[in-house]
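Residue numbering for the sequence shown is 4 to 442, as defined by the working numbering.
Backbone N, C-alpha and C define an ideal beta-carbon position, used for all residues, glycine too.
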Amino acid sequence: MIHKTIKLSGLVLLLPGLLYAQNVKKLSLSEAVQLGIENSKNLKLSQNKIDEANAQLSIVKDNALPTAKASFMYNHAEIPTNKLSLAGADPLTLPKRADAFVGTAAVEELVYGGGKLKYAQETTRLLTQVALLDADKNKDEVSYAVINTYYALFKVMQSKKVIAQNLESIASQLKQAQRFFEQGIVTKNDVLRFQLQQANVSLTDLEAESNRKIINYDLDVLLGLPENTEIEITEPTNDLKITEPVSTYIDMAMANRQELKQLEIQDKVAGVNIKSVKANTLPTVGVGANLYYINPNGSFIPSTNEYLMPVTVGATVSWNFGNLWTNKHKVSESKVQQKGIVIQKDILSDQVKTEINSNYQKYALAISKIKVLQTSIEQATENDKLLASKYKNNVASAIDRIDAETLLYQSKINLELAKADAGLAYYTLLKSTGKISQQ
4 MIHKTIKLSG LVLLLPGLLY AQNVKKLSLS EAVQLGIENS KNLKLSQNKI DEANAQLSIV
64 KDNALPTAKA SFMYNHAEIP TNKLSLAGAD PLTLPKRADA FVGTAAVEEL VYGGGKLKYA
124 QETTRLLTQV ALLDADKNKD EVSYAVINTY YALFKVMQSK KVIAQNLESI ASQLKQAQRF
184 FEQGIVTKND VLRFQLQQAN VSLTDLEAES NRKIINYDLD VLLGLPENTE IEITEPTNDL
244 KITEPVSTYI DMAMANRQEL KQLEIQDKVA GVNIKSVKAN TLPTVGVGAN LYYINPNGSF
304 IPSTNEYLMP VTVGATVSWN FGNLWTNKHK VSESKVQQKG IVIQKDILSD QVKTEINSNY
364 QKYALAISKI KVLQTSIEQA TENDKLLASK YKNNVASAID RIDAETLLYQ SKINLELAKA
424 DAGLAYYTLL KSTGKISQQ
């Protein structure tokens, strides 16, 4: 019985660890981006807009099909005064009641409408492309949001690693200081200084852990994961070298930015709209066929020669030639609107160029910072070793020893943050070219 109790107690102790392991998900940067794209509610809304645009295109195409309609009517008449005499002629006697069936069927087709149906289809097709580009833009935004949050979590985790190393080193220094104090080599004040340093670094670790939990939660939401999932990230790998001039990235942006492509399509839509407005001055031609069924004898299925069924075929040509002098201002308005789109594209092109150059320079600066910080770590390491030796030989004070160690670990943290900033700057540059989701 005691043996079973021990087993049960052990299981209870292991249970929290097992539950925790079930809520840990290891993700690389590319896996996180893919998961964010798959679960993004914004992208699902974008897809819904694409489906809506495709449905609208199908509706416009249906407008080119013939129209057809049919109707059938039954009339019943009661005639209380059914005799009629005119100018002394023999009276005309009508039945006291009458029934009649009348049916019609018609088919009509617009043969030529000045090209307006064709222009409507072309406009709708172009607007469908705009919806597709809008979805691509949202995909880039989702990808960048995931990358940004992933790097934020990476920065916190790297900081926590350095902080853990710092705490381990401080604990070792504290033991050494306590041993020196016992031997009478240093004062109690030196021990207190190391304890104070340990407390300050522990507070920094608590703040880092709080930030980690906040960022982890945000990433869970972005990726569509359960909100209690602990995300274990891998170190993002980037080729931290600029091998292309800024002009190459500008050319990439000119060819790939969705906003520029959308304005190009809007320019085409405006051109089609001008043609559609001009088509108002052209005549329209339509053909149609009508079938009539007239049955006045009251019987639903009449005998032979007791009903009529004429068929008519006709063509209609109509021309509102008043549009020849009232339509020109509408054409002018459409041309002005198209010119405005061209100006918008020129303005956006300039903005994209400045954005690319800014992001390019920030990325170059981030790479340069890494090189400088790597050198500073080498210097800080040598300084730390020198002060550690001096402190052991009672040549340097505890303050000097702590300052050297703090400087070294701060340099290490700064390097990790700089690497993360450089990686994010790289993706920011890619985003400004419109190609981040293609990576």
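Please report the straight-line C-alpha distance between residue i and residue j, rounded to a whole angstrom.
{"i": "K356", "j": "K333", "result": "35 Å"}
{"i": "Q176", "j": "Y220", "result": "36 Å"}
{"i": "S224", "j": "E235", "result": "Looking at the sequence provided, one finds Val at residue 224 rather than Ser. Spanning the two alpha carbons is a distance of roughly 15 Å."}
{"i": "G118", "j": "E34", "result": "50 Å"}
{"i": "T436", "j": "K264", "result": "12 Å"}
{"i": "I277", "j": "S337", "result": "6 Å"}
{"i": "L209", "j": "V27", "result": "21 Å"}
{"i": "E247", "j": "Y430", "result": "15 Å"}
{"i": "E112", "j": "L351", "result": "45 Å"}
{"i": "L97", "j": "T307", "result": "23 Å"}
{"i": "D349", "j": "S49", "result": "27 Å"}
{"i": "L46", "j": "N203", "result": "45 Å"}
{"i": "E230", "j": "K178", "result": "41 Å"}
{"i": "D139", "j": "A369", "result": "28 Å"}
{"i": "D320", "j": "N283", "result": "It should be pointed out that residue 320 corresponds to Val in this sequence rather than to Asp. If I take the Cα positions, the gap works out to 14 Å."}
{"i": "M160", "j": "R215", "result": "7 Å"}
{"i": "T207", "j": "K415", "result": "15 Å"}
{"i": "Q340", "j": "K374", "result": "52 Å"}
{"i": "S371", "j": "N417", "result": "13 Å"}
{"i": "A73", "j": "V145", "result": "52 Å"}
{"i": "S279", "j": "L285", "result": "10 Å"}
{"i": "N443", "j": "G426", "result": "Outside the shown range of the chain, which is 4 to 442, sits residue 443, and nothing can be said about it."}
{"i": "G20", "j": "S392", "result": "Unreliable positioning characterises G20 in this predicted model, as indicated by a pLDDT of 48, which lies under 50. The coordinate reading is nonetheless provided below. Looking at the two C-alpha atoms, the distance is approximately 43 Å."}
{"i": "P239", "j": "K164", "result": "16 Å"}
{"i": "A90", "j": "M76", "result": "36 Å"}
{"i": "K342", "j": "Y154", "result": "43 Å"}
{"i": "D444", "j": "Q186", "result": "The requested residue 444 is not part of the displayed model; the chain covers only 4 to 442."}
Just confirm the distance between the C-beta atoms of residue i and residue j, as a whole number of angstroms; I'd bet it's less than 8 Å.
{"i": "G301", "j": "A56", "result": "Between A56 and G301 the Cβ distance is about 54 Å, and since that is not below 8 Å, they are no contact."}
{"i": "G39", "j": "V149", "result": "4 Å"}
{"i": "Y296", "j": "V133", "result": "No, Y296 and V133 are not in contact; Cβ-Cβ is about 49 Å, not under 8 Å."}
{"i": "A401", "j": "L390", "result": "10 Å between Cβ atoms; not a contact."}
{"i": "S31", "j": "T237", "result": "5 Å"}
{"i": "A211", "j": "I268", "result": "Wrong, their Cβ atoms sit about 47 Å apart, outside the cutoff."}
{"i": "S213", "j": "L170", "result": "Going by Cβ atoms, the distance from S213 to L170 rounds to 17 Å, so no, they are not a contact pair."}
{"i": "V114", "j": "G289", "result": "6 Å"}
{"i": "L222", "j": "L266", "result": "The pair is not a contact, with the Cβ atoms about 34 Å apart (cut-off 8 Å)."}
{"i": "G116", "j": "T329", "result": "Incorrect: roughly 18 Å between the Cβ atoms, too far for contact."}
{"i": "I53", "j": "L135", "result": "6 Å"}
Name, in chain order, the residues that DSSP records as bridge partners for residue i.
{"i": "E235", "result": "K29"}
{"i": "A71", "result": "V110"}
{"i": "V272", "result": "Note: V272 sits in no beta bridge, so no partner."}
{"i": "R100", "result": "E81"}
{"i": "Y115", "result": "V288"}
{"i": "K86", "result": "T96"}
{"i": "G317", "result": "G291"}
{"i": "L376", "result": "For L376, which the question treats as bridged, DSSP gives no partner whatsoever."}
{"i": "I405", "result": "In DSSP, I405 forms no bridge with anything."}
{"i": "M76", "result": "V105"}
{"i": "I297", "result": "V105, L311"}
If you drop the 5 nearest sequence neighbours on each side, which residues of the same chain put their C-beta closer than 6 Å to that of residue i?
{"i": "K158", "result": "L420, A423"}
{"i": "L95", "result": "L87"}
{"i": "A71", "result": "V110"}
{"i": "N78", "result": "A103"}
{"i": "K365", "result": "A428"}
{"i": "P443", "result": "Given that the chain is displayed from residue 4 to residue 442, the structure contains no residue 443 and the question cannot be resolved."}
{"i": "L311", "result": "I297"}
{"i": "K29", "result": "E235"}
{"i": "A2", "result": "This structure gives no information on residue 2, because the portion of the chain shown stretches from 4 to 442."}
{"i": "A108", "result": "A73, L294"}
Got a sec? Which residues, its chain only, sit under 8 Å from residue i by beta carbon, not counting five neighbours each side?
{"i": "T384", "result": "L411"}
{"i": "F303", "result": "F104"}
{"i": "M255", "result": "T436, G437, K438"}
{"i": "K191", "result": "F184"}
{"i": "A174", "result": "Q201"}
{"i": "K99", "result": "E81, I82, P83, N85"}
{"i": "D443", "result": "This structure cannot settle anything about residue 443, because the visible part of the chain is limited to 4 through 442."}
{"i": "V345", "result": "D270"}
Within a Cβ cutoff of 7 Å, which residues of the same chain sit near residue i, ignoring the five residues on either side of it in sequence?
{"i": "N42", "result": "L226, G227"}
{"i": "P313", "result": "Y295"}
{"i": "Q59", "result": "T127"}
{"i": "N360", "result": "V249"}
{"i": "Y252", "result": "I359, Y363, L432, T436"}
{"i": "R260", "result": "V355, G437"}
{"i": "W322", "result": "P286"}
Relative to the ligand ADP, is the shortest distance from any of its heavy atoms to the C-beta of residue i smaller than 7 Å?
{"i": "V189", "result": "Inclusion of the ligand ADP in the displayed structure is not the case, the ligand content being empty and no account of it being possible."}
Exercise. Quick check: the stretch 321-338 against the stretch 141-158, are there 3 or more CB pairs under 8 Å?
Worked result: With the cut-off at 8 Å, the stretch 321-338 and the stretch 141-158 do not touch.
For this session: State whether the stretch 266-273 contacts the stretch 371-384, with contact taken as three or more CB pairs (one from each stretch) at a distance under 8 Å.
Result: Counting Cβ pairs under 8 Å, fewer than three are found: no touch.
Exercise. Is it a yes or a no for the stretch 50-70 touching the stretch 108-124, going by three-plus beta-carbon pairs under 8 Å?
Worked result: yes
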